[in-house]
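In this note's numbering, the protein residues as written are 676 to 1002.
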């Protein structure tokens, strides 16, 4: 560990060395301790606040709108809940680091963050699977089997995330063995390697499914155009728009998380902590962008937002049933 002491969930010190003169040990007992606030921690706390506010709105909309009870919106609600908890975790991490300063509470906070971000990534995978099923099994998508499948995915998503979050709390940490610490203390090197490997697996599966989705979308658009006996300009525009949307989704996810996941594997505790911050911050931005991509662009959620906050629409407003591929 560096000269600052142990590390918290963001790779920054939990305890800071207080500067003092050579024989000023008696003076420390009568003076208030001085803490330097790391600007990176402030940025992470602000990001957590924005993330929490954005996703709290989505959770409220999905929870209080009866028409948003379809599998697609349940998964969006799961994603928003995970990102909401991640934002709260970033705020708590700042409070624990600069106010409470307890190793035990810090360990719980780190586990909370791990579980929240794991649930966010897993929810993104579940949404991708749901989109693929809505296109691959379009005729049987709206059935009891689909609802059961969605519920099973949610159970697995949150169950695995909870287990990953409990690992540091149950003893898989480096509080007693500094040599095993990773760049994200108090997580061990083997712990962050497991988390990174899990992310790479999720990313590969999502990339594979989105490639399949692109092929299905292009094939369906081409078949529709052939039935009309000619390829219209709108056919190319619609296909290009669909592929571009999918590219933005997977590109945003990869650009946000890949740097941090790679650095968790190749990074070392002796490296400057600024590297950890510089890769972790974009990862948190994924939770900030998710509600924009998956929720606020959706017409049903936009209408429900007006109903919930402005009352500009009556509660009897009709909502067009949409499949996940429309979002």
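All residues carry an ideal CB built from backbone N, CA and C; glycine is no exception.
It should be emphasised that the depicted structure is a prediction, and the values quoted were computed from it without experimental measurement.
query, result
"Starting from residue 957, follow the alpha helix (DSSP H) in both directions and report where the run begins and ends.", "948-966"
"Which ranges would you report for the alpha helix (DSSP H) in the region 814-868 if only whole runs of at least 4 residues count?", "819-844"
"For the candidate residues 962, 978, 982, 974, whose alpha-carbon lies nearest to that of residue 758?", "962"
"Please classify residue 818 as buried or exposed, where buried requires at least 16 other C-beta atoms within 10 Å of its C-beta.", "exposed"
"Does the beta-carbon of residue 720 have 16 or more other beta-carbons within 10 angstroms, so that it is buried, or is it exposed?", "buried"
"Taking Cβ to Cβ, would you say residue 940 is nearer than 8 angstroms to residue 871?", "yes"
"Among residues of its own chain, excluding the 5 on either side of residue 829, which ones have a beta-carbon nearer than 8 angstroms to its beta-carbon?", "749, 750, 753, 801"
"Look up residue 712 in the DSSP assignment and say whether it is helix, strand or coil.", "coil"
"Here's the rule: buried if 16 or more other CB atoms are within 10 angstroms of the residue's CB, otherwise exposed. What is residue 779?", "exposed"
"Give the DSSP-derived three-state secondary structure of residue 777 in the structure shown.", "coil"
"What span of residues does the alpha helix (DSSP H) with residue 977 cover, start to end?", "974-984"
"Quick one: what's got a C-beta closer than 8 angstroms to residue 705's C-beta in the same chain, skipping five residues either side?", "In this prediction, residue 705 has a pLDDT of 37, which is less than 50 and means its spatial position is unreliable; what the coordinates show is noted afterwards. Counting only Cβ-Cβ distances below 8 angstroms, and skipping sequence neighbours, we find nothing."
"Are three or more beta carbon pairs between the region 836-847 and the region 806-826 nearer than 8 angstroms?", "no"
"Within this structure, are the beta carbons of residue 797 and residue 836 separated by less than 8 angstroms?", "yes"
"Is the CB-CB distance between residue 964 and residue 927 below 8 angstroms?", "yes"
"Let me check understanding here. Comparing Cα to Cα, which of 743, 785, 977, 742 lies closest to residue 763?", "785"
"Please say whether residue 735 and residue 983 have beta carbons closer to each other than 8 angstroms?", "yes"
"Just verifying my parser: in three-state terms, what is the DSSP assignment at residue 752?", "helix"
"Just checking my contact of residue 958 with residue 919 at CB under 8 angstroms: how many whole Å lie between their CB atoms?", "Between residue 919 and residue 958 the Cβ distance is about 24 angstroms, and since that is not below 8 angstroms, they are no contact."
"Would the beta-carbon of residue 849 fall within 8 angstroms of that of residue 860?", "yes"
"Is it true that the CB of residue 955 sits closer than 8 angstroms to the CB of residue 935?", "yes"
"Using the Cβ count rule (16 or more neighbours within 10 Å means buried), how would you classify residue 738?", "exposed"
"Using only the alpha-carbon positions, how far apart do residue 771 and residue 783 sit?", "10 angstroms"
"DSSP three-state call for residue 758: helix, strand or coil?", "helix"
"Go through its chain and collect everything with a Cβ distance to residue 970's Cβ below 7 angstroms, but skip five positions before and after it.", "733, 751, 755, 976"
"By how many angstroms is the C-alpha of residue 810 removed from the C-alpha of residue 799?", "17 angstroms"
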